[in-house]
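Which chain is which? The protein sequence lines are A and B, in order. Each position in the first sequence, counted from 1, maps to that position plus 704 in this note's numbering. Each position in the second sequence, counted from 1, maps to that position plus 140 in this note's numbering. Beneath this line is the structure, given in structure tokens, with notes to follow.
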Amino acid sequence: MQAGNRLKDSFKKTIHTFINVLPIIIGMLLATSLVITVFPEQISAGLFGNGEVPDALLGASIGSIAVGHPLASYLLGGELLSGGVGLVAVTALLVSWVTVGIVQLPAESLMLGGRFAVYRNLVCFGVAIIIAFLTVYTLQLFGMV
Amino acid sequence: MPEKVKRRGLGGWLFLTLVLIAYGLLSLVEPEAAAQALAFFMRVMQQVFPVLGLVFVLLFIANLVLEPKWIKRYLGKGAGFKGWLAAVSGGILSIGPIYAWYAVLSELQEKGMRTALIATFLYSRAVKLPLLPLMIHYFGFVYTLVLCLYLVIFAVINGILVEKLVVQET
């Protein structure tokens, strides 16, 4: 009897949580679809080429505002590499693509708290650049690039 | 606690309303773009639908099985190495869009999950196991290995930093 009540209570609570979360998820998907459609994904390799640090900042910024499947970042990163963009900038783009989410920020703020969301994204942005340099320097150290 | 749930609910509906207003405005200026965006949304929704089912099941299990006492012990302030390991491996193994996981993490946060572990979980999602073969294909095995190692290390560092900043402010 007690187990049955617990099951019922948990189910009710889950339904309640789900109803609260559903508009955020649907809103998020609608917003993402809008951004993908309105803003073209093609980014010119010509934007890069201003030195490692500015390029890494640019790469991380593009990755932060980009939305879409991580696979798209691999394709874009591969194209940028073949277009002559440095590996640091491409790595910053790849990392920030999957760790920073400017478009998801409203949903993250609503569910996990505004302060948490803002700080997490800011730290992730900085860390994306650090990882980009560390990865490339590690590969250089072992003569891999 | 109920107040928080209520507030979150209203915020969600307000957010959805704002997005729908944006669609309405776009359809007035560029109806074709609005239709394209809606068609894209429908395609994405088809992919996300099964994940929403998984989220519902996880939320139900979290409500049924996980006691705040348990969460505080294993994922709370006192959580040791096992807590970090759970956050990193959970993040790596988690599937689906990130915003679907916000709901589960929000529930665990309310039950006492440590802020650092939430941030670590979210960061660990950067290691995409199913996509590793493709990453290797595009960038090479050594590059992928080095990058993934740094992602895991920095998932923990990121968690610690975010917690310090959030706690400092409160």
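The beta-carbon is built from N, C-alpha and C at its ideal position, and this holds for glycine as well.
Any C-beta of chain B under 8 Å from that of residue i
i: alanine 796 of chain A; result: no
i: leucine 780 of chain A; result: no
i: serine 714 of chain A; result: yes
i: leucine 838 of chain A; result: yes
i: alanine 811 of chain A; result: yes
i: glycine 805 of chain A; result: yes
i: glutamine 808 of chain A; result: yes
i: valine 831 of chain A; result: yes
i: valine 792 of chain A; result: no
i: valine 789 of chain A; result: no
i: glutamine 746 of chain A; result: Here glutamine 746 of chain A scores only 49 on pLDDT, less than 50, and its place in the model should not be relied on; the value that follows carries that caveat. No, its Cβ sits nowhere closer than 8 Å to a Cβ of chain B.
Boundaries (first-last residue) of the alpha helix (DSSP H) holding residue i
i: alanine 219 of chain B; result: Segment: none, alanine 219 of chain B is in no alpha helix (DSSP H) and carries neither H nor E.
i: leucine 248 of chain B; result: 238-250
i: proline 273 of chain B; result: 272-279
i: phenylalanine 189 of chain B; result: 171-205
i: methionine 702 of chain A; result: This structure cannot settle anything about residue 702 of chain A, because the visible part of chain A is limited to 705 through 849.
i: alanine 793 of chain A; result: 791-803
i: methionine 253 of chain B; result: Taken as a continuous stretch (DSSP letters only), methionine 253 of chain B belongs to no alpha helix (DSSP H), as it is neither H nor E.
i: arginine 710 of chain A; result: 706-742
i: lysine 266 of chain B; result: It should be noted that the sequence gives alanine, not lysine, for residue 266 of chain B. Alanine 266 of chain B -> no alpha helix (DSSP H), and no H or E assigned at all.
i: alanine 760 of chain A; result: 756-769
Cβ-Cβ separation, residue j to residue i (assumed contact under 8 Å), whole Å
i: alanine 240 of chain B; j: isoleucine 729 of chain A; result: 6 Å
i: alanine 832 of chain A; j: threonine 803 of chain A; result: 6 Å
i: serine 800 of chain A; j: phenylalanine 829 of chain A; result: 6 Å
i: leucine 199 of chain B; j: phenylalanine 722 of chain A; result: 7 Å
i: phenylalanine 196 of chain B; j: threonine 718 of chain A; result: 7 Å
Chain A contact for residue i (CB, 8 Å cutoff)
i: alanine 256 of chain B; result: no
i: serine 229 of chain B; result: no
i: arginine 265 of chain B; result: yes
i: leucine 194 of chain B; result: no
i: isoleucine 238 of chain B; result: yes
i: phenylalanine 189 of chain B; result: no
i: methionine 275 of chain B; result: yes
i: phenylalanine 294 of chain B; result: yes
i: phenylalanine 221 of chain B; result: no
i: glutamine 186 of chain B; result: no
i: tryptophan 153 of chain B; result: yes
i: leucine 291 of chain B; result: yes
i: leucine 165 of chain B; result: no
i: valine 302 of chain B; result: yes
i: leucine 233 of chain B; result: no
i: tyrosine 283 of chain B; result: yes
i: valine 169 of chain B; result: no
i: lysine 268 of chain B; result: yes
i: phenylalanine 261 of chain B; result: no
i: alanine 226 of chain B; result: no
What are the residues in the region 723-740 of chain A lying within 8 Å of chain B by C-beta distance?
Cβ contacts with chain B: Ile723, Asn724, Val725, Leu726, Pro727, Ile728, Ile729, Ile730, Gly731, Met732, Leu733, Leu734, Ala735, Thr736, Ser737, Leu738, Ile740.
- Task: Mind checking the region 813-828 of chain A against chain B and listing, in chain order, the residues whose C-beta falls within less than 7 Å of any C-beta there?
- Result: Of all residues in the region 813-828 of chain A, Leu814, Met815, Leu816, Arg819, Phe820, Tyr823, Arg824, Val827, Cys828 have a Cβ within less than 7 Å of some Cβ in chain B.
Query - chain A contacts from the region 242-254 of chain B (Cβ-Cβ distance under 8 Å) - result: So the close ones are Tyr242, Ala243, Leu245, Ser246, Glu247, Gln249.
- Query: What residues in the region 748-763 of chain A have a beta carbon less than 8 Å from any beta carbon of chain B?
  - Reply: For the region 748-763 of chain A, the set of residues with a beta-carbon nearer than 8 Å to any beta-carbon of chain B is empty.
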